[in-house]
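Presented below is the structure to which this report refers.
Number of protein chains: 2
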Amino acid sequence: MSARPATEGQAARAVIIAVDAQGGDNAPEAIVEGALRAASEHIHVLFVGRAARLRELVGGAPYAEIVDTPDVIGSGDEPAHAVRDKPQSSLVVAARLVAESRADAFYSAGNTGACLAAGLLTVRRLKGVLRPAICVVLPSQPRPTVLLDAGANAEVQPAHLRQFAVLGRAFCREVLGVAEPIVGLLSIGEEPGKGTPQVIEAHKLLAADLGPAFYGNVEGRDLLNSTVDVVVTDGFSGNIALKASEGAAKAVLGLLKQAIAQSARAKVGALLLKPDLVRVRAALDPEEYGAMHLLGMNRPMLIGHGSSGARGAENAVRYAARAVSGHLVEAIAARLGDVASGPVAASDPAPRAPA
Amino acid sequence: MSARPATEGQAARAVIIAVDAQGGDNAPEAIVEGALRAASEHIHVLFVGRAARLRELVGGAPYAEIVDTPDVIGSGDEPAHAVRDKPQSSLVVAARLVAESRADAFYSAGNTGACLAAGLLTVRRLKGVLRPAICVVLPSQPRPTVLLDAGANAEVQPAHLRQFAVLGRAFCREVLGVAEPIVGLLSIGEEPGKGTPQVIEAHKLLAADLGPAFYGNVEGRDLLNSTVDVVVTDGFSGNIALKASEGAAKAVLGLLKQAIAQSARAKVGALLLKPDLVRVRAALDPEEYGAMHLLGMNRPMLIGHGSSGARGAENAVRYAARAVSGHLVEAIAARLGDVASGPVAASDPAPRAPA
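First to last, the sequence lines map onto chains X and S. Take 1 as the starting number for the first sequence in our numbering and just add one per residue. Take 356 as the starting number for the second sequence in our numbering and just add one per residue.
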């Protein structure tokens, strides 16, 4: 088995994404379909999974290669045990290929906890990172807001929240192309004294570190109105805020659908509105950004929703490639040093747009 | 000044609600208008505020009386100081009237923190209540879900979460008329081992107390899908979940509005859909339930959103009256004893519908 795709001449410049082809409810079909759409001269895909089926799905597609693994980690498996007990699972092998530099980034729509565990065991934390965080791009309008931590750490200390700001800002700069990302701290009131003791202390740290790039506290209602570029919070509140937002959006669209079904007049109205309703749904679709990013690791690691379809897989692979070519990990490493040695805002070098 | 309304003959059976007529962005006009709509032979309203203006607004309306107070607590005032420094403010006087049994329940759309502080100082906690909690009725479909704590306690212990279940179930029974309310614990995964150490411990307590009436963990997405009747959580996560849900619903409706504005076809469609859109908006309107309930006090206390309009005030007064006639406080007191002495589910007396 050679992990490098066949097109050796371009391999030096192409980005290689290790894709857990067995991860997620729609694996391997939708995952392969989507990832192949993203594959190109510049983005090579390494599909990790059961080769017999993958060969049928990949066919002779260019810029793609298959790594055969017998095992699969299920969505219900206990993460730490599964990673230990199934070293030949597609998820663990994909992580190992990245750890061994045979691929540049990892993507799986499988068991989130297992992705975290495999990441910590093989890809490992970037030096200086206290806690990796799950970073999710929220479809706020007119511009996206990234939220972290969305669930990796149920409890955090103020120093962790401080680092999450570094991770989130680097992500905004290198992957989303935001020149000077503004950070908000999720709390239950705008005043600096609102929240838990951890949040109140983090407010002070962030104000000192970021100066004008720190907006102050934001509230749950600010997640989708583009008030800030980065929202930092603990993984418990972040996960709940994310899922509450998704649930509320779904509830509103569900109510609308129900209302429409109740009269002929409404049905005609809905028909006329259909392209617009489709656009609203698309704007809110988590597949738009494909996956969550586990930030603070030695390589980009992306974790898709279990329900990811082809569109999600395609976008995840594209964003993974962007994280690699935008040198996200290197940018985080450089910023971590800045924070350790004092305020970073004043001495920020000019931001760089993503490749 | 006599706190009892003029209609002495009925006073013995009528419920008296003390209304902070100066609280909220739309006070006193909208508050008076709404509360007067709820006033009846059975519900008497005691308006507390600046009498000169209130007399103009109340006119000679029946079942209403005015208590003159010179001071007002602003929405931006520091709660504890404001309550101490303004004993003659409408908010504090309204709370005191309730504490002195000259009214049966309290309603204010003013400064939430000041309502809490005034409540703790005058109305006081019910004996045995560790922490009062803010309980909000979420407009989930097909039936409402109550969430507590929505912001009174940024940090809680497992024993507090356990009591919140008692408060929330009593509210569901006595005010919403739910026979056997099912409780969910907000966490970041369905498994009992997911969440913070406090949540994991609370899971055990709730399972032991409630038996089959405990659903287990719920997630942020379950707040609006009627999975359970009562969701218990700490005030930090609860406040964030509530505001994130509100923000997401607003964002979806905003996107829809934006989309509609972009074409003549869409505008015609929207016109046809208008009655349905209005219904969707109404179903999600926080004014439907009027106010949040501060549970665990010696008397029903309701705190409205600062933006409350006449509809919110009207419904708040109606729900306050229902809490009184449903003997909510007495029901909570009785249940608290049950929990202290062991599991309550098996020996639950037959539930009672609200008056």
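We put the CB at the ideal spot given by N, CA and C, even for glycine.
- As the crow flies, the alpha-carbon of S:Arg479 is around 16 Å from that of S:Leu683.
- In chain order, Ser226 place their CB closer than 6 Å to the CB of X:Arg143, counting only its own chain and leaving out the 5 sequence neighbours on each side.
- The CB of X:Asp25 never comes closer than 9 Å to any CB in chain S; the least such distance is about 16 Å.
- In this chain, the alpha helix (DSSP H) harbouring S:Thr467 covers 467 to 473.
- Just so you know, the alpha carbons of X:Asn153 and X:Ala248 end up roughly 24 Å apart.
- Judged by beta-carbon spacing, X:Ala21 lies within the 8 Å limit of X:Ala27, meaning their Cβ atoms are closer than that value.
- CA-CA distance, S:Ala469 to S:Val438, rounds to 6 Å.
- The DSSP assignment places complete alpha helix (DSSP H) segments of no fewer than 4 residues inside the region 155 to 232 of chain X at 158 to 174, 197 to 210, in order along the chain.
- No residue range can be given for S:Ile428, since it is assigned to no beta strand (DSSP E) and is classified by DSSP as neither H nor E.
- The beta carbon of X:Val98 is closer than 6 Å to those of Ala18, Phe106, Val123, Arg299 in its chain, skipping five residues each way along the sequence.
- DSSP links S:Phe461 through a beta bridge to S:Ala373, S:Met656.
- DSSP places X:Ser89 in the strand class (E or B) of the three-state scheme.
- About 24 Å separates the beta carbon of S:Asp584 from that of S:Thr467, a gap too long to meet the 8 Å contact definition.
- Under a 10 Å Cβ-count criterion, X:Asp77 is classified as buried, with 16 or more other Cβ atoms of the shown protein chains found around its own Cβ.
- Check the Cα spacing between X:Leu46 and each of X:Val280, X:Ser90, X:Glu174: the tightest is with X:Ser90.
- For S:Gln496, the chain X residues whose Cβ falls inside 9 Å of its Cβ are Ala251, Gly254, Leu255, Gln258, in order along the chain.
- In this structure, the straight-line span from the alpha carbon of S:Leu493 to that of S:Gly651 is close to 19 Å.
- With the rule of 3 Cβ pairs closer than 8 Å, the region 124 to 134 of chain X does not count as touching the region 315 to 327 of chain X.
- Under the Cβ criterion (8 Å, minimum of three pairs), the region 179 to 187 of chain X counts as touching the region 231 to 243 of chain X.
- Between the alpha carbons of S:Leu627 and S:Glu535 lies a distance of about 41 Å.
- Taking a Cβ-Cβ cut-off of 8 Å, X:Arg131 has no neighbours in chain S, whose nearest Cβ is about 15 Å from it.
- Between the C-alpha atoms of S:Pro552 and S:Gly571 there is a straight-line separation of about 15 Å.
- The C-beta of S:Leu691 comes no closer than 8 Å to any C-beta of chain X.
- By the Cβ neighbour-count rule, S:Lys629 is exposed, with fewer than 16 other Cβ atoms within 10 Å of its own.
- Per the DSSP secondary-structure output, X:Arg125 pairs in a beta bridge with X:Met297.
- Around X:Arg84, no beta-carbon contact reaches into chain S at under 9 Å, the shortest distance being about 17 Å.
- Within 8 Å of the CB of S:Val635, the CB atoms of chain X belong to Val252, Leu255, Leu256, Ala259, in sequence order along the chain.
- Think of a sphere of 7 Å around the beta carbon of X:Arg162: no beta carbon from chain S falls inside it, the nearest being about 18 Å out.
- Taking all protein chains shown into account, S:Arg677 has 16 or more neighbouring C-beta atoms within 10 Å of its C-beta and is therefore buried.
- Annotation: the continuous alpha helix (DSSP H) that includes S:Asp631 extends over 619 to 639.
- What S:Glu574 touches in chain X, judged by beta-carbon distance under 7 Å, is Lys243, going in chain order.
- A Cβ-Cβ separation of about 6 Å places X:Leu206 in contact with X:Arg162 under the 8 Å criterion.
- The C-beta distance from X:Val166 to X:Leu302 rounds to 19 Å, too long to fall under 8 Å, and the pair is not in contact.
- Excluding sequence positions up to five before and after X:Arg96, its CB lies within less than 6 Å of the CB of Thr122, all in the same chain and listed in chain order.
- Going by C-alpha positions, X:Ala64 is about 6 Å away from X:His44.
- Taken in chain order, the members of the region 537 to 555 of chain S whose beta-carbon sits within less than 7 Å of a beta-carbon on chain X are Leu541, Ile543, Gly550, Thr551.
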